[in-house]
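Participant: This structure is in structure tokens; I'll ask about it shortly.
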């Protein structure tokens with residue numbers, strides 16, 4: 103998960119700061135690829151983290167939240183474009199959010215590894 107957030111964050115920054123067509127094509131591809139990978143990984147993470155009795159509700163809530171985000175997203179993008187005249191602040195914001203989420207997932211992995219290693223010694 104951390105790698106997908108980091109890759110997508112870097113790709114969003116590339117969309118803002120790069121003017122070469124090939125690099126923009128690669129950045130767009132990476133945004134789509136990592137978003138799709140994360141959709142699959144999110145379902146796997148929910149099944150690993152939740153109990154079997156609450157799995158259906160957890161997956162339903164995850165899909166509901168995704169649906170709300172999909173409904174709100176076009177209005178937000180249109181508002182930013184109409185108000186500011188550019189998509190750059192939105193792309194920079196998405197990039198910063200993705201990189202911060204990457205660091206959060208990395209911290210979780212490090213804490214889990216440290217906890218397991220500490221438990222092995224005790």
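Residue numbers (my numbering): 103 to 224. Yeah, the Cβ is synthetic: ideal placement off N, Cα and C, and Gly gets one too.
Buried or exposed for residue 165, going by 16 or more other Cβ atoms inside 10 Å?
Facilitator: Exposed.
Participant: I'd like the ranges of any alpha helix (DSSP H) spanning at least 4 consecutive residues and lying wholly in the region 180 to 214.
Facilitator: List check, alpha helix (DSSP H) in window: nothing returned.
Participant: Hey, residue 143 and residue 106: beta-carbon distance below 8 Å or not?
Facilitator: In this structure, residue 106 lies closer than 8 Å to residue 143 by Cβ.
Participant: Assign residue 224 to one of three DSSP states: helix, strand, or coil.
Facilitator: The predicted position of residue 224 is uncertain, since its pLDDT is 45 and thus under 50; a value taken from the coordinates is nonetheless stated next. Coil.
Participant: Anyone know if the C-beta pair for residue 116 and residue 129 falls short of 8 Å?
Facilitator: In contact: residue 116 and residue 129 (Cβ atoms closer than 8 Å).
Participant: Expressed to the nearest angstrom, what Euclidean distance is found between the alpha-carbon atoms of residue 175 and residue 196?
Facilitator: Those two C-alpha atoms are separated by around 12 Å.
Participant: For residue 188 and residue 181, what's the separation of their Cα atoms in angstroms?
Facilitator: Each residue's alpha carbon lies about 10 Å from the other.
Participant: Please confirm whether residue 204 and residue 104 have their CB atoms less than 8 Å apart.
Facilitator: Going by C-beta atoms, residue 204 is nearer than 8 Å to residue 104.
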